[in-house]
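Visitor: Residue numbers (my numbering): 127 to 206.
Pasting in a structure now, in structure tokens, and then I'll have a few things to ask.
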Amino acid sequence: MMTQTYQRLIVAGIKGLPPAPLAEIADFIYFVRRRVREPRVYEEELQNALLGAELRQLSRDEEAHLEKEFEGYETRYPRE
């Protein structure tokens, strides 16, 4: 398919959609444009996002571990 055909299909496909799906489509278009035009920047942003998610999960896991380890601490080791 030619570029113009894709453009027409996209325009026809979004006509009449409510704002929420249009916002989602606009977000996707921004994502695709960024990935195509600035692949190194996109890759860096992706890696940073994945690292951030991994660090947040690590923090949650560590917090859960500490809560479990100190569960009942006051009962086991009451203050005198």
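For every residue, glycine included, the Cβ atom is placed at its ideal position computed from N, Cα and C.
Just verifying my parser: in three-state terms, what is the DSSP assignment at GLU206?
Guide: Three-state DSSP puts GLU206 in coil, outside helix and strand.
Visitor: Below 8 angstroms on the Cβ atoms is my guess for ILE155 versus ILE140; work out the distance and round it to an integer in Å.
Guide: The Cβ separation is near 10 angstroms, so there is no contact.
Visitor: Quick one: what's got a C-beta closer than 7 angstroms to GLU200's C-beta in the same chain, skipping five residues either side?
Guide: Excluding residues within five positions, none has a Cβ falling inside 7 angstroms.
Visitor: Considering only residues of the stretch 162-199, which uninterrupted beta strand (DSSP E) runs meet the minimum length of 3 residues and lie entirely inside it, listed in chain order?
Guide: The stretch 162-199 contains no whole beta strand (DSSP E) run of 3 or more residues.
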